[in-house]
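Per the numbering used here, the sequence shown starts with residue 30, numbered consecutively.
Have a look at the structure below, then the notes.
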Amino acid sequence: MENCIFCHHIEATNILAESTYFFAVFDIDPIQTGHILVISKKHYETMLDIPNEILLDLLQFEKQIIATLENNFDVLGATIAQNNGAVMDDGTHFHAHLIPRYQDDAFWDSQTVAFKPLDLELLKEKLKNRL
């Protein structure tokens with residue numbers, strides 16, 4: 030994509046680590062110390078566009094990063110977040126947020142839940158039939 034920040038504006042010196050299909054950089058607007066973005070090397074707009082075998086590489090890469098954080102720093106775990114679809118800007122590039130978690134970090138304390146109507150029984154039925 031011509032105007033994609035992740036396709037054209039990531040300096041090689043900012044890349045922390047790479048897998049076959051993904052690379053990791055620090056988030057320029059972190060919500061926690063050590064907040065990392067895991068970005069696809071190829072331009073995909075959403076997770077739904079990524080072939081399953083490439084998604085396996087994503088999970089393995091995230092696992093390696095989390096293990097490095099937990100084994101070498103005072104990180105107790107990580108939250109992985111990925112925004113998909115129309116909730117984000119049009120023409121975005123797939124990326125996942127890997128957010129290190131610390132004892133008493135109050136990460137969820139500032140989060141609020143937007144209560145939207147969702148038929149949970151219908152969702153349960155659709156997921157059972159789909160999976």
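C-beta atoms are modelled at their ideal positions from N, C-alpha and C, and glycine is treated no differently.
This one's a predicted model, so the numbers in the text were calculated from it and none came from an experiment.
When the alpha-carbon of I39 is set against those of A96, D78, Y131, L66, the nearest one is in L66. The criterion of a C-beta distance shorter than 8 Å is satisfied by I94 and L127. Per the coordinates, the alpha-carbon of L98 lies some 11 Å from the alpha-carbon of E91.
In the structure shown, G63 adopts coil according to DSSP, grouped into three states. Exposed is the label assigned to V116, since fewer than 16 other Cβ atoms lie within 10 Å of its Cβ. In chain order, L98, P129 place their CB closer than 6 Å to the CB of V104, counting only its own chain and leaving out the 5 sequence neighbours on each side.
Per DSSP, reduced to three states, the secondary structure at V104 is coil, with no helix or strand assignment. H64 and I109 have their alpha carbons spaced roughly 10 Å apart. The Cβ-Cβ distance between F123 and I79 falls below 8 Å. Cβ-Cβ separation between F55 and I68: approximately 12 Å, too far for a contact (criterion under 8 Å). The alpha carbon of T75 has as its nearest neighbour, out of C36, P59, Q111, the alpha carbon of Q111. Ranked by Cα distance from E31, the first of H72, R159, L45 is H72.
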